[in-house]
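There are 2 protein chains.
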Amino acid sequence: MSDIDLVVHGAAELVVGPGEGVRDLELVEDGALAVENGRVAAVGPTDDVCREYPPERAGKTIDATGRTVLPGFVDPHTHALFAGDRSDEFVARIEGKTYTEIMEAGGGIPVTVEAVREASEDDLVDALCEQLDVMLAHGTTTAEVKSGYGLDTETELRMLAAIERADRRHPVDLVPTFMGAHAVPEDTDTDEYVDGVVEEQLPAVAEQGIAQFCDVFCEAGVFDVEQSRQGLEAGTEHGLAPKIHAEEFSRIGGAQLAADLGATSADHLLQATAEDGRALADAGVVPTLLPATAFALGEAYADPEPFLDAGAPLALGTDLNPSCFVHSMPFVVSLSCLRMGLRPETAIRGATHDAALALDPGDGTGPLADGAGTLAEGTAADLAVVDLPSHVHMAANAGTNRVDTVLADGDLVVADGEVLRGQWAGGVARDDAPVEISGGARERVRASRERVASVIDSDRAVYGINTGFGELVSERIPRDRLDQLQTNLVRSHASGAGAELDREVVRAMLLTRLQALSLGYSGVREVVVDHLATMLNQGVHPAVRSTGSLGASGDLAPLAHLALVLIGEGEAFVDGVDGRLAGDEALAEAGLKPLALAPKEGLALINGTQLTVGLAALAVVDAER
Amino acid sequence: MSDIDLVVHGAAELVVGPGEGVRDLELVEDGALAVENGRVAAVGPTDDVCREYPPERAGKTIDATGRTVLPGFVDPHTHALFAGDRSDEFVARIEGKTYTEIMEAGGGIPVTVEAVREASEDDLVDALCEQLDVMLAHGTTTAEVKSGYGLDTETELRMLAAIERADRRHPVDLVPTFMGAHAVPEDTDTDEYVDGVVEEQLPAVAEQGIAQFCDVFCEAGVFDVEQSRQGLEAGTEHGLAPKIHAEEFSRIGGAQLAADLGATSADHLLQATAEDGRALADAGVVPTLLPATAFALGEAYADPEPFLDAGAPLALGTDLNPSCFVHSMPFVVSLSCLRMGLRPETAIRGATHDAALALDPGDGTGPLADGAGTLAEGTAADLAVVDLPSHVHMAANAGTNRVDTVLADGDLVVADGEVLRGQWAGGVARDDAPVEISGGARERVRASRERVASVIDSDRAVYGINTGFGELVSERIPRDRLDQLQTNLVRSHASGAGAELDREVVRAMLLTRLQALSLGYSGVREVVVDHLATMLNQGVHPAVRSTGSLGASGDLAPLAHLALVLIGEGEAFVDGVDGRLAGDEALAEAGLKPLALAPKEGLALINGTQLTVGLAALAVVDAER
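Protein chains in written order, with the working numbering: chain B, 1 to 625; chain L, 1001 to 1625.
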């Protein structure tokens, strides 16, 4: 009997992974699973697992009685990163307009391309994270995301950089695909554009190492087979494994090309034949079907039988994009059964293990290598608990979200259907999950700083900016000494005593102060929040003493010790460095320079309750466990 | 400027209700809404509403920036109350089996009928509430529920009684429909069965007053037009307004019958013609389309145009039933747009106001009269906040749940996508929402009482059952004095002092003690939990003093004052009666007799912390507001 982080027990059905044939699934009835350090430690019948890992000795238990537990969904094909709004096209399509008519009326992909080109990287990260929240709430823990709305080097790189940052910020694991050959920019010759993709975009992407796959839209009127081959072969030369949009609206040979190139996957395949199915199966290419696209656009569905008959494992994905707003893999499973005739076990398999297979570059990296799509000893503890008694019920419950609980790498990220962001705070404080300043937060911070600047310019007396503090409120501080005032404030309040706070508590203080400043009510400069974020991400932890505060306006003394390091004074511990360093040395370890505080910033840094709030946040995280 | 319970503000779009034509919707951009006492106090542009009701003076605010606010969905056609499991038929249908083949293999409606006949009323209430939870999470606040899986008087009555009880227990408002003529029981002549429905089932239903509508499955091979007419006319005579399943698989004249009878709605209508549309429109019958059925069964969809062209408002519903597991009205909206060609505004209108119209018996009662489906001054504050910027985005986001927040009668019942049951505790303590003992709780209570009984029989010494208490633990109590022991325990601990607790605190104590006993760890008899539930529902509130407890094992003294009333002693206040009554008189007002406590029950009643827990529960409710 052993202690363990988490035990899920009593599941009416627990999906372990693929069964023998490409249509089969392996299930355990009355199943259980133990999690340790973010990985599955044991899986099997409840009696067996609970004998080895008794729930009463687990840090947390999830009673899955009457429910289905399965690997977190893997969504192997999305264009989830986009900007702009094309909802008007939804109405136009209902009114019977064709895509050509919509394009002629100024709609279609060019609208998204224009919006993405105008969006900042921060905006793109925020936009992607919003989509990922919805996907996570529906049980997806791994997703591929493609570039391809930039169609120029700069924007394609910005999209891929945003995907990389969203991957760090969000619990959904992302697989980045470069898809410069998604469409041909307006007024551009296709051959010339392909040359640009191959000679300019691809080398730039490869140099930054921010894509794992290369994808091409091989379709009549877009990129023909030769152009597609050119793009994918160049991708392979740069270390990007090939994927392909093949035989969607017309059968022009994309499937055969995928087989020739040994592509990782061939996607869409609405027009593919039995011959294509055999070619893909023989070449080990994973056919990837996207029934939500057919659903959203009112097309015929792909026929899965040629692929399964040929012995190919079949992956399923959402194809989430600006004209197919389907985030839900459970809905894709239902569609696959109801409209494509898949049996539920084949659909679940296609949405988990075989979808991971469609994201496997074959070099031992990637989600499949990490165990995505399977629950077995040693795999990542990515799983969903669904409030239905079997995978068949899941398939039958169409269009409703019955996902109750989601774990990502063993962390509880969805509970009772609610995406838990608090848990991520625990992740930052304890597990060193990285933080990022969102684009919205940057905007708020900038706007609030402008208000401080306008006060200074106006010469009005405003507390904390150009007055003394506390009882000295009626003292007016001359303009040329406003900066010094803030430095003095921090120094004078750094008078704590008692034991030094634990690392996780200091991190919780840094995080909650950063969060408060990011609301944009405090008037600090952007550089202040950036410094705090860097300190968290680089592991710079001020030495803060636990008692001795003034107690009048919150945790003044502990926060002053924290702020002291920001200005290069005081002391701090730095991850990977023995002993304590002086504040300026600690900052230097993180590549930061001491801040010269601007008006109001000292006050904004120390006038808060982040020791209390930080401790409370950790208590809430513990309570939720 | 006025204080107000709740303000929702900044909605990118706020759906007010129907527009001028039957296809139109009235919207407010940047909309807000104020709620007082469970009803809408004001609705309009944020600036206007917030000028009159400043958010900072509201008890709670919901910032709906970037989101859509709309009336809670009204689902006008469900068979949401069922038992048993027919998920195997889902697989059989995928394999291409026809309904006849499924019936011959022992499947189909008879499976549900058999399971419902075997289910207890408690089981049925629990089963319905589980479905209602899912519907509520997807934004439904009003739903029709049909009987029709009993097909005999006793079971039809039990179904309707369960619907009535679920309506009391659950925040979704229910409209009950009697549908004895849903199918013909096996080995029964149809004419004879219709006679039984008319002569036996209907009078029994009418006598109990537990149905508002009468519905018939008018279909080739089920009930023909004459049989349907007979059933519906008899319903009308008994005060049940007519509804009809018409022209679903074959056009046999159900729509015309609906027009002749002036039915409230005619439902399904897949085979209806333009002539039918005009007949329904002229007769004021609401055509009700159920696209999820076509989706689940792979049929062609109904054509909405004949009805709209004829000027009829069009209602949309889920038809949730054991072979159509669709709970989500947002998904029905998406299907209606994508597959039936409705514009989003027409679909939203059909899922809200016009659905309420399909549940309007025309006598000034029912959800429409209460304002369901519309947000205007004076309507019930039933609404959903959807995390999308417009109703068009809602229609385009298919198969995902984007409902963020739901209010039912002004109470927050879904927040961040999570169904909030805690809020219902506030409803019981403060707003006198009724309580019910679930079937599962009864089972647990009975099982736990059996364990106590077996201890008594075995003559083993077990603390609290046949021993003294506290320091007297080593005293063995003779079997014939075990009951007296419990009475003495309650009397001796009823020694509180200080101010009397507020009504809401006493109710919170009663509720939380009831909840604790219902877990089935305390060994009380079922009659004890029933008495506590009746006290709550009938407004019997023991006089409990706030201080003076022993403090050793929880809130012994306050709980003893509460228990004293259960045994007909002490004092209590009764709603509607002036002053205080003796315990036995208070019980008599609620139709209860004093309990003679059985072994362990006194201990089970007083050994808890329900004063503390009750206060904490109210604090949590306040915090969530």
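All residues carry an ideal CB built from backbone N, CA and C; glycine is no exception. Predicted, not measured: the structure shown is a model, and the values here were computed from it.
Q.
One question on the structure: do Thr1288(L) and Gly1311(L) come within less than 7 Å of each other, judged by their Cβ atoms?
A. no
(Q) Helix, strand or coil for Arg165(B)? Go by DSSP, reduced to three states. (A) helix
Q. Can you tell which of Gly221(B), Ile210(B), Gln212(B) has the C-alpha that lies nearest to the C-alpha of His182(B)?
A. Gly221(B)
Q: Could you check the C-alpha separation between Phe1573(L) and Asp1480(L) for me, to the nearest Å?
A: 34 Å
Q. Name the chain L residues whose beta carbon is nearer than 9 Å to that of Thr112(B)?
A. Those within 9 Å of Thr112(B) in chain L number zero; the least Cβ separation is about 14 Å.
Q: Going by CA-CA distance only, name the one from Asp1303(L), Leu1320(L), Asn1321(L) that's closest to Leu1314(L).
A: Asp1303(L)
(Q) Spatial neighbours of Ala596(B) within its chain, please: C-beta separation below 7 Å, excluding the five flanking residues on both sides. (A) Asp483
Q: Please classify Ile348(B): does DSSP put it in a helix, a strand, or coil?
A: helix
**Q.** Every unbroken alpha helix (DSSP H) inside the region 1103-1191 of chain L [4 residues or more]
**A.** 1109-1118, 1121-1137, 1153-1169
Q: Give the residues of chain L in contact with His327(B), contact being defined as C-beta atoms less than 7 Å apart.
A: Thr1400
Q. Between the C-alpha atoms of Ala292(B) and Ala1255(L), what's the straight-line distance to the nearest angstrom?
A. 34 Å
Q: Would you mind working out which of Val35(B), Gly72(B), Thr68(B) sits nearest Pro55(B), comparing C-alpha positions?
A: Val35(B)
Q) Whose C-beta lies closer than 6 Å to the C-beta of Gly1371(L) among residues of the same chain, with five residues either side of it excluded? A) Thr1379, Ala1380
(Q) Please list, in chain order, the residues of the region 1091-1116 of chain L that have any C-beta partner in chain B closer than 9 Å. (A) Val1091, Arg1093, Ile1094, Glu1095, Gly1096
Q) Can you find a CB in chain L that lies within less than 7 Å of the CB of Ala12(B)? A) no
Q) Looking only at C-alpha atoms, which of Thr400(B), Pro203(B), Gln131(B) sits nearest to Leu157(B)? A) Pro203(B)
Q | Host beta strand (DSSP E) of Glu1571(L) (start-end) | A | 1571-1574
Q. Would you say Val175(B) and Leu375(B) are within 7 Å of each other, going by their C-beta atoms?
A. no
**Q.** Collapsed DSSP secondary structure at Arg39(B) in the structure displayed
**A.** strand
Q | Extent of the continuous alpha helix (DSSP H) to which Val1505(L) belongs | A | 1503-1518
Q: Please state if the CB of Ala617(B) and the CB of Arg580(B) are separated by a distance shorter than 7 Å.
A: no
(Q) For His561(B), tell me which candidate among Leu368(B), Gly498(B), Leu407(B) has the shortest Cα-Cα distance. (A) Gly498(B)
Q) Taking Cβ positions only, does Ala1396(L) come closer than 7 Å to chain B? A) yes
Q: Determine whether the Cβ of Gly468(B) lies closer than 7 Å to any Cβ atom of chain L.
A: no
Q. Taking the DSSP output, what are the residues bridged to Phe325(B)?
A. In the DSSP output, where bridge partners are listed per residue, Phe325(B) has none listed.
(Q) Just checking: is the beta-carbon of Arg1625(L) within a distance shorter than 7 Å of some beta-carbon in chain B? (A) Reliability fails at Arg1625(L), whose pLDDT of 48 lies under 50, so the model's placement of it is uncertain and no value is given.
Q. List, in order along the chain, the chain B residues whose C-beta lies closer than 9 Å to that of Val1413(L)?
A. None at all; the shortest Cβ gap to chain B is about 13 Å.
Q) To the nearest angstrom, how far is it from the Cα of Gly1568(L) to the Cα of Ser1522(L)? A) 21 Å
Q: Please confirm if Glu1418(L) has its CB atom under 7 Å from at least one CB of chain B.
A: yes
Q: Pick out whichever of Val386(B), Leu517(B), Asp409(B) has its Cα sitting closest to the Cα of Thr68(B).
A: Val386(B)
Q: Within its chain, find whatever has a CB closer than 8 Å to the CB of Ala58(B); leave out the 5 residues flanking it on each side and keep chain order.
A: Asp3, Ile4, Asp5, Leu6, Val7, Ala34
**Q.** Span separating the alpha-carbon of Asp575(B) from that of His1391(L)
**A.** 50 Å
**Q.** Where Arg625(B) sits in the DSSP three-state scheme
**A.** Any reading at Arg625(B) must be qualified, since the residue scores a pLDDT of 48, below 50, and its modelled position is unreliable; the value itself is stated next. Three-state result, Arg625(B): coil.
(Q) Between the alpha carbons of Ser1323(L) and Glu1101(L), how many angstroms are there, rounded? (A) 15 Å
Q: Please decide whether His393(B) counts as near chain L, where near means a Cβ-Cβ distance under 7 Å.
A: yes
Q. How many angstroms separate the CA atom of Phe1469(L) from the CA atom of Ile1477(L)?
A. 10 Å
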